[in-house]
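So the sequences go chain by chain: A and B.
With numbering that gives the first Met the number 0, letter number 19 in the first sequence gets 18, and the count goes up by one each step, no holes.
With numbering that gives the first Met the number 0, letter number 62 in the second sequence gets 61, and the count goes up by one each step, no holes.
The beta-carbon is built from N, C-alpha and C at its ideal position, and this holds for glycine as well.
Computed from a predicted model, the values in this text were never measured in an experiment.
Here is the structure we will look at, set down as structure tokens.
There are 2 protein chains.
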Amino acid sequence: MNVVLAVDIGGTNLRQAIVEPSGAIIDEARCTLDLAHKTQAHGSSAVDLMLDAIEQSLTPAITRHHPQAVGMGFPGFFDDRTRRLVASPNLPYVHDLPLADMLAERLGLPVFMQNDALCAALGEHRFGAGQDVTNLLHLTLGTGIGGGLILHGRPWSGEFGMAAEFGHLRIRHGHEARPCGCGKRGCVEAYASATAIQAIYQERTGRNLDAQAVHARALTGDEDALNVWREAGFSLGMAIAQCIILLDIHCATLSGGLTGAWYMLEPAMREALESELIPPQRNHVSIMLSRLGERAGILGAAVLATKGLTDS
Amino acid sequence: MNVVLAVDIGGTNLRQAIVEPSGAIIDEARCTLDLAHKTQAHGSSAVDLMLDAIEQSLTPAITRHHPQAVGMGFPGFFDDRTRRLVASPNLPYVHDLPLADMLAERLGLPVFMQNDALCAALGEHRFGAGQDVTNLLHLTLGTGIGGGLILHGRPWSGEFGMAAEFGHLRIRHGHEARPCGCGKRGCVEAYASATAIQAIYQERTGRNLDAQAVHARALTGDEDALNVWREAGFSLGMAIAQCIILLDIHCATLSGGLTGAWYMLEPAMREALESELIPPQRNHVSIMLSRLGERAGILGAAVLATKGLTDS
């Protein structure tokens, strides 16, 4: 059967699936893969360790299912023209590498790679909540905030593969703006990521709870917790509005762990949109919860592999 | 000869030119056309008055040069699918109209219309400073701030013709953010348009001088005037950075009256870019002064007409 191996690599997990052209998943697995940890080694050896770990994780499924190609979402920037990984903000040891080709050589299969959030956008656009639209902004809300853009039905990765760095759109200014991991201040990631929710809740209450626990507190009616989620939703809406003012696209979808708190995020997100858009752009923007949830990335990786095979 | 009539309509002026396919202008004229003033009439009569005025302005050149088509930049939003003008923020009496077709009927010629700032982007991309790039953000700095986007070599007008509303990207938040004509606060137009420069200088010095006069003051070494221009440049850089974070494009060009103060705007604009972009996006962004100046719009209108004839 014409199946592909779809892989979604995050900072701490590798998720893989054997996917049919229809999008049906016929086998699925997940393992931990602590890529950040590999930074303890240096130079090419760190890259080798990473490739070893990925190869080892994927070999069983390849042996069992004989996929025709591998599609992979990876947390980094890819230059479409050179097929090279340009940089990976969280993995400084991978930098300007022909990562797809290196992995293809090890696996004996064609490998097609793209930014993880852009893969999620591809998946959501093909099989999920964005499947009827031409243009889509897809956001992944987790430890950080990723973004992927589909324009005219095609992935928009930008000139150096760095498009849709949604988490680093700025929504606050001045000295009181929160610092972000990227070194700037006021990025939406500093207000609406899991990391931010944990930090803001701790600043206000003194309690150090992760985003999931802050969500649980909100469910019990804890006003501080509710406000943190509402403010995160408002911040997301402000940044989405900037994208719409610039591109005049009308559909955004959201996936990732934080969307478990969707009903707290959504009203504030819509409120921000209505106040931030110019009047003629209001009232026709759809912001939707992902239909694929955590599988958006892996299904996008499958689209990438299938498309890569067709194009080559 | 295969010439077209290119028209650039602003709030107070109509500029027209007979243009060869090479971009050579063989006849050129300019007249005042106070469209905003037409709002004193109501309903369809205001539209008729506007169409009368446009027709009257264009007839002599049509009679003399027999152009094959008319291309026109107009301050409004156009829906490419329906060829209708959706809205014009400064001309509330034109709303959901087949403006190009109405004018074509009067002139007996095919008419192709697009947003004025998008026309300027088309012109700059085809004949000006952006002619070697695939993707371009073009800004028009005048009474307001307009924007036009070229993506993959083609104009990006958005789903409802409202893309690149650059002037309304937000660069300040909170109650101290300056109010904008659109009803929001903190828009870049409230910091870096001719209107804003006049207003900010007046607030700080008590002197009511237009942007050109504030420029003249800056040339004499007036520190208040110099600061107003520097801050305008910084504000523009902040907003351009948001566009690059989202789209990862690497060329922006600027035209319009305020670019006379380019050497005051530019250093601050670059400084803002470097501080606002995420580190891997820095150092390879070109911000350039328009090579076409005030003719960017009219040459873009000529491109629009020539392309319209080819496509139809």
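Mind pulling the chain B residues with CB within less than 8 Å of residue i?
{"i": "Ile149 (chain A)", "result": "Chain B residues near Ile149 (chain A): none, gap ~13 Å exceeds 8 Å."}
{"i": "His214 (chain A)", "result": "Neighbours of His214 (chain A) on chain B: none; closest Cβ ~26 Å, over 8 Å."}
{"i": "His137 (chain A)", "result": "Per Cβ cutoff of 8 Å: no residues; His137 (chain A) is ~13 Å from chain B at best."}
Need the endpoints of the beta strand (DSSP E) that residue i sits in, please.
{"i": "Phe77 (chain B)", "result": "Phe76 to Asp78"}
{"i": "Thr252 (chain A)", "result": "Cys250 to Ser254"}
{"i": "Asp324 (chain B)", "result": "Absent from the structure is residue 324 (chain B), since the part of chain B shown begins at 0 and ends at 311."}
{"i": "Gly72 (chain B)", "result": "Val69 to Phe73"}
Report the neighbours of residue i on chain A: residues whose CB is nearer than 8 Å to its CB, in chain order.
{"i": "Asn134 (chain B)", "result": "Glu158"}
{"i": "Met161 (chain B)", "result": "Asp247, Ile277, Pro279 and Gln280"}
{"i": "Cys181 (chain B)", "result": "Ile277 and Pro278"}
Quick one: which chain A residues come within Cβ less than 9 Å of residue i?
{"i": "Val85 (chain B)", "result": "Pro279"}
{"i": "Arg63 (chain B)", "result": "Result: empty, since nearest Cβ-Cβ is about 38 Å, beyond 9 Å."}
{"i": "Phe76 (chain B)", "result": "Asp247 and Pro279"}
{"i": "His124 (chain B)", "result": "Result: empty, since nearest Cβ-Cβ is about 15 Å, beyond 9 Å."}
{"i": "His174 (chain B)", "result": "Residues of chain A passing the Cβ test: none, with the nearest at roughly 12 Å."}
Helix, strand or coil, according to DSSP, for residue i in the structure here?
{"i": "Ala86 (chain B)", "result": "strand"}
{"i": "Thr194 (chain B)", "result": "helix"}
{"i": "Pro178 (chain A)", "result": "strand"}
{"i": "His214 (chain A)", "result": "helix"}
{"i": "His64 (chain B)", "result": "helix"}
{"i": "Leu135 (chain B)", "result": "strand"}
{"i": "Arg105 (chain A)", "result": "helix"}
{"i": "Thr58 (chain A)", "result": "helix"}
{"i": "Asp33 (chain A)", "result": "coil"}
{"i": "Gln130 (chain B)", "result": "coil"}
{"i": "Ser21 (chain B)", "result": "coil"}
{"i": "Asp100 (chain A)", "result": "helix"}
{"i": "Arg229 (chain A)", "result": "helix"}
{"i": "Thr11 (chain B)", "result": "coil"}
{"i": "Asp247 (chain A)", "result": "coil"}
{"i": "Thr81 (chain B)", "result": "coil"}
{"i": "Leu291 (chain A)", "result": "coil"}
Since residue i meets chain B, which of its residues come closer than 7 Å, beta carbon to beta carbon?
{"i": "Arg169 (chain A)", "result": "Gln241 and Glu275"}
Can you check DSSP and say which residues form a bridge with residue i?
{"i": "Ala16 (chain A)", "result": "A:Ala5 and A:Glu27"}
{"i": "His94 (chain B)", "result": "B:Ala86"}
{"i": "Arg125 (chain B)", "result": "Bridge partners of Arg125 (chain B): none, in fact."}
{"i": "Cys186 (chain B)", "result": "B:Arg169"}
At which residues does the alpha helix (DSSP H) containing residue i begin and terminate?
{"i": "Met287 (chain B)", "result": "Met287 (chain B) -> not in any alpha helix (DSSP H); beta strand (DSSP E) instead, spanning Ser285 to Leu288."}
{"i": "Gln113 (chain B)", "result": "Element bounds for Gln113 (chain B): not the alpha helix (DSSP H) but the beta strand (DSSP E), Val110 to Asn114."}
{"i": "Leu303 (chain A)", "result": "Ala295 to Asp310"}
{"i": "Ala208 (chain A)", "result": "It is worth fixing the name first, because residue 208 (chain A) is Leu in this sequence and not Ala. Element bounds for Leu208 (chain A): n/a, residue is neither H nor E."}
{"i": "Leu264 (chain A)", "result": "Trp261 to Glu275"}
What in chain A is Cβ-close to residue i, meaning under 7 Å?
{"i": "Glu164 (chain B)", "result": "Ile244 and Ile277"}
>> Restricting to runs no shorter than 3 residues, where is the beta strand (DSSP E) found entirely within the stretch 137–171 of chain B?
In response: DSSP runs (the beta strand (DSSP E)) wholly in the stretch 137–171 of chain B: 144–150 and 153–155.
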